[in-house]
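Undergrad:
2 protein chains.
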Amino acid sequence: MDQSVFDDPRITAVGLLVEAYTGLSARFAAQFEEHGLSPVEFEVLTRLARSPGNQLRMTDLAAQTSLSTSGVTRVVDRMERDDLLCRRACPSDRRSSYAAVTATGLARLDETLPGHLRIIEEWFTGQLEPAALAALLDGLRRVRDAVYPGATAGSTDPAPIDEADEAGC
Amino acid sequence: MDQSVFDDPRITAVGLLVEAYTGLSARFAAQFEEHGLSPVEFEVLTRLARSPGNQLRMTDLAAQTSLSTSGVTRVVDRMERDDLLCRRACPSDRRSSYAAVTATGLARLDETLPGHLRIIEEWFTGQLEPAALAALLDGLRRVRDAVYPGATAGSTDPAPIDEADEAGC
DNA sequence: ACCCAACGATTGACTGAGCAACTATAAACT
DNA sequence: AGTTTATAGTTGCTCAGTCAATCGTTGGGT
Numbered sequence: 027m028d029q030s031v032f033d034d035p036r037i038t039a040v041g042l043l044v045e046a047y048t049g050l051s052a053r054f055a056a057q058f059e060e061h062g063l064s065p066v067e068f069e070v071l072t073r074l075a076r077s078p079g080n081q082l083r084m085t086d087l088a089a090q091t092s093l094s095t096s097g098v099t100r101v102v103d104r105m106e107r108d109d110l111l112c113r114r115a116c117p118s119d120r121r122s123s124y125a126a127v128t129a130t131g132l133a134r135l136d137e138t139l140p141g142h143l144r145i146i147e148e149w150f151t152g153q154l155e156p157a158a159l160a161a162l163l164d165g166l167r168r169v170r171d172a173v174y175p176g177a178t179a180g181s182t183d184p185a186p187i188d189e190a191d192e193a194g195c
Numbered sequence: 027m028d029q030s031v032f033d034d035p036r037i038t039a040v041g042l043l044v045e046a047y048t049g050l051s052a053r054f055a056a057q058f059e060e061h062g063l064s065p066v067e068f069e070v071l072t073r074l075a076r077s078p079g080n081q082l083r084m085t086d087l088a089a090q091t092s093l094s095t096s097g098v099t100r101v102v103d104r105m106e107r108d109d110l111l112c113r114r115a116c117p118s119d120r121r122s123s124y125a126a127v128t129a130t131g132l133a134r135l136d137e138t139l140p141g142h143l144r145i146i147e148e149w150f151t152g153q154l155e156p157a158a159l160a161a162l163l164d165g166l167r168r169v170r171d172a173v174y175p176g177a178t179a180g181s182t183d184p185a186p187i188d189e190a191d192e193a194g195c
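In order, the protein sequence lines correspond to chains A and B. The number in the working numbering is simply the position in the first sequence, starting from 1, with 26 added. The number in the working numbering is simply the position in the second sequence, starting from 1, with 26 added.
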């Protein structure tokens, strides 16, 4: 094996991306854990919280996360057991169900987010001057656009929500 | 939940990093699979192949990968079964064993690497003009340096290798 | 109206990974 | 030398996640 292959600038580039990513992920995970959340759970909470009515159909949730539909079923099981979210019947399609954030889930997210933002600032965005950061993000965006197929996978058929009942489950 | 939180530029920045990373990872994984390798197996092979004597002690291998020591034990089990590498006794410390790439393993790596480099080029480095790429890598490096603790975890006590016996197992 | 292909969610079987406990060896201390 | 402590690797247990099969529901074709 020719050692020089591993000094290839392309390998180095990937190494940087991987290490930056995994390093940041570890920081995030540690902070999530302080609030009793796993990375997946945090992702699920944010995806739901930013969706109309704080809810999403199981399939759409799967499409927006790193999980398969069966994976979503199981995460939702756990989170429903912990009262972070709940399932709701979909009025227009009896096959579907919504996963909806509970008040507890929203509170948990609220208490987790500030620290999360602080960590991003501290270890990522704050590490670079504005111009350098912009350049980094620009590069990432172009790679992302090339490589990430589901950048625009929105939920369809947002069911009408009774605001008063929201998170009431 | 205030929707505007999710438009925070810090959240967006992380999103870009995550999506670029996972998108690229998926491309890599698909190509590895064409050659019968999982991402971890590819990582193990490269780490070993770039080490003196094409081998590394189990612990050092764990330190250089995303795996725990028990995780390494199990990957090495599988890869030894598939004849991609083999265990060797460490002459100077009877507790240790080396994982050493076999000829089969080296061949597999050789057949996988060109395509891997091509994919990096196609979806990552080739997406940007040289200056933009340099800026991206520079940013990544600074984040990596801040956030990735084990950037310099080398193996200790590289055992003397009989070159003739190498990969003979 | 009926059939049937497609779809949403769940379940069972399996896999890969981590943690903690354990064994064997090595090193350090007295 | 003998005891104690630390280290290298493996193993049992558990858990999160995927794939494939399944169940109920929907909607289109005739």
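C-beta: ideal position from N, C-alpha, C; glycine also.
Taking 8 Å as the limit between beta carbons, can you name the residues of its chain near B/R113, skipping five residues before and five after?
TA: Position 87 of the second sequence, counted from the first residue, corresponds to residue 113 of chain B. Leaving aside the five residues that flank B/R113 on each side, the residues in its chain whose CB is nearer than 8 Å to its CB run, in chain order, V102, E106, S123, Y124, A125, A126.
Undergrad: Between the Cα of B/R73 and the Cα atoms of B/S51, B/G131, B/V40, B/P117, which residue gives the shortest distance?
TA: As a first step, residue 73 of chain B must be located in the second sequence, where it is residue number 47. Measuring from the Cα of B/R73, the nearest candidate turns out to be B/G131.
Undergrad: Could you check the C-alpha separation between A/D191 and A/P117 for me, to the nearest Å?
TA: For the purposes of this step, residue 191 of chain A is taken as residue 165 along the first sequence, with counting starting at 1. For the purposes of this step, residue 117 of chain A is taken as residue 91 along the first sequence, with counting starting at 1. Residue placement at A/D191 is poorly supported in this model, since its pLDDT is 46, which falls under 50; the coordinates are not used for a value here.
Undergrad: Smallest Cα separation from B/D108: which of B/A89, B/P140, B/L71?
TA: As a position in the second sequence, residue 108 of chain B is number 82, starting the count at 1. Selected option, being the one with the closest Cα: B/L71.
Undergrad: Only counting runs of 3 or more residues, tell me where the beta strand (DSSP E) segments fall wholly within the stretch 46–103 of chain B, in order along the chain.
TA: 81–83
Undergrad: In the DSSP output, what is B/V127 paired with across the bridge?
TA: As a first step, residue 127 of chain B is located in the second sequence; it is residue number 101 there, counting from the start. Under DSSP, B/V127 shares a beta bridge with B/L111.
Undergrad: DSSP state of B/E155, grouped into three classes?
TA: Within the second sequence, numbered from 1, the residue matching residue 155 of chain B stands at position 129. Correct three-state label for B/E155: coil.
Undergrad: Could you tell me whether any Cβ in chain A is nearer than 8 Å to the Cβ of B/S30?
TA: The residue labelled residue 30 of chain B in the question sits at position 4 within the second sequence. Chain A, which has no Cβ nearer than 8 Å to the Cβ of B/S30, makes this no.
Undergrad: Taking the beta carbon of B/S92 as the centre, do at least 16 other beta carbons fall within 10 Å, making it buried, or is it exposed?
TA: Against the second sequence, residue 92 of chain B aligns to sequence position 66. Result: exposed.
Undergrad: Suppose the cutoff is 8 Å on Cβ atoms and the five residues either side in sequence are ignored; what does the same chain contact list for B/P65 look like?
TA: What you label residue 65 of chain B is simply residue 39 of the second sequence in a count that begins at 1. S51, F54, A55, F58, listed in sequence order.
Undergrad: Using a Cβ cut-off of 8 Å, which residues of the stretch 71–88 of chain A contact any Cβ in chain B, in chain order?
TA: T72, A75, R76, N80
Undergrad: In the stretch 138–158 of chain B, which residues sit with their C-beta less than 8 Å from some C-beta in chain A, listed in chain order?
TA: L139, L143, I146, E147, W149, F150, T151, Q153, L154, A158
Undergrad: Between B/D164 and chain A, is there a C-beta pair that is closer than 8 Å?
TA: As a working mapping, residue 164 of chain B is identified with position 138 in the second sequence. Output row for B/D164: interface = yes.
Undergrad: Within the 8 Å Cβ cut-off, does B/V169 reach chain A?
TA: Counting from one through the second sequence, the residue named residue 169 of chain B turns up at place 143. Yes - at least one Cβ of chain A is within 8 Å of the one on B/V169.
Undergrad: So, helix, strand or coil for A/D33, using DSSP?
TA: Position 7 of the first sequence holds residue 33 of chain A. DSSP places A/D33 in helix when its eight states are reduced to three.
Undergrad: Taking all protein chains shown into account, decide if B/T95 is buried (16 or more other Cβ within 10 angstroms of its Cβ) or exposed.
TA: Counting from 1 along the second sequence, the entry for residue 95 of chain B is found at position 69. Exposed.
Undergrad: What number of angstroms, rounded off, separates the C-alpha of A/T48 from the C-alpha of A/L135?
TA: As a working note, residue 48 of chain A is residue 22 in the first sequence. As a working note, residue 135 of chain A is residue 109 in the first sequence. One C-alpha to the other measures close to 22 Å.
Undergrad: Given B/L111, which residues of its chain have a CB within under 8 Å of its CB, disregarding the five upstream and five downstream residues?
TA: By 1-based counting over the second sequence, the position of residue 111 of chain B is 85. So the list reads V70, L71, L74, V102, M105, A125, A126, V127, T128, G131, once near-sequence residues are dropped.
Undergrad: Report buried or exposed for B/R120, applying the criterion of at least 16 other Cβ atoms within 10 angstroms of its Cβ.
TA: Mapped onto the second sequence, residue 120 of chain B falls at position 94. Exposed, because fewer than 16 other Cβ atoms sit within 10 Å of the Cβ of B/R120.
Undergrad: Examine chain A for any beta-carbon lying closer than 8 Å to the beta-carbon of B/T95, and answer yes or no.
TA: Translated into the one-based positions of the second sequence, residue 95 of chain B becomes position 69. Cβ-Cβ to chain A under 8 Å: no for B/T95.
Undergrad: I'd like to know whether the C-beta of B/P184 is nearer than 8 Å to at least one C-beta of chain A.
TA: Within the second sequence, residue 184 of chain B is the residue found at index 158, counting from 1. Below a pLDDT of 50, predicted positions are generally treated as unreliable, and B/P184, at 39, falls in that range; the measurement from the model is reported next regardless. Closer than 8 Å: no.
Undergrad: Whole angstroms is fine: what's the gap from B/G87's alpha carbon to B/V98's?
TA: Reading the second sequence from its first residue, position 61 is the one you call residue 87 of chain B. Reading the second sequence from its first residue, position 72 is the one you call residue 98 of chain B. Sequence check: residue 87 of chain B is Leu here, not Gly. Their Cα atoms are separated by approximately 7 Å.
Undergrad: Between the Cα of A/L154 and those of B/F68, B/R167, B/E148, spot the shortest distance and give me the residue it belongs to.
TA: Position 128 of the first sequence holds residue 154 of chain A. The closest CA to that of A/L154, considering only B/F68, B/R167, B/E148, is found on B/R167.
Undergrad: Give the straight-line distance between the Cα atoms of B/E148 and B/G141, rounded to the nearest whole angstrom.
TA: One-based indexing of the second sequence puts residue 148 of chain B at position 122. One-based indexing of the second sequence puts residue 141 of chain B at position 115. If you take the alpha carbons of B/E148 and B/G141, they lie about 10 Å apart.
Undergrad: For the candidate residues B/Y174, B/L139, B/A160, whose alpha-carbon lies nearest to that of B/E67?
TA: Here residue 67 of chain B refers to the residue found at position 41 of the second sequence. For B/E67, the nearest C-alpha among the options comes from B/L139.
Undergrad: From the beta carbon of A/Y124, is the nearest beta carbon of chain B less than 8 Å away?
TA: For the purposes of this step, residue 124 of chain A is identified with residue 98 of the first sequence, where counting begins at 1. Answer no: the Cβ-Cβ gap between A/Y124 and chain B never drops below 8 Å.
Undergrad: Against chain B, does A/R36 count as a neighbour if the rule is that its beta carbon must be under 8 Å from one of theirs?
TA: Counting from one through the first sequence, the residue named residue 36 of chain A turns up at place 10. A/R36 counts as touching chain B.
Undergrad: Taking 8 Å as the CB-CB limit, is B/R53 close to chain A?
TA: Taking the first residue of the second sequence as 1, we reach residue 53 of chain B at position 27. Under the 8 Å criterion on CB atoms, B/R53 is classed as interfacial with respect to chain A.
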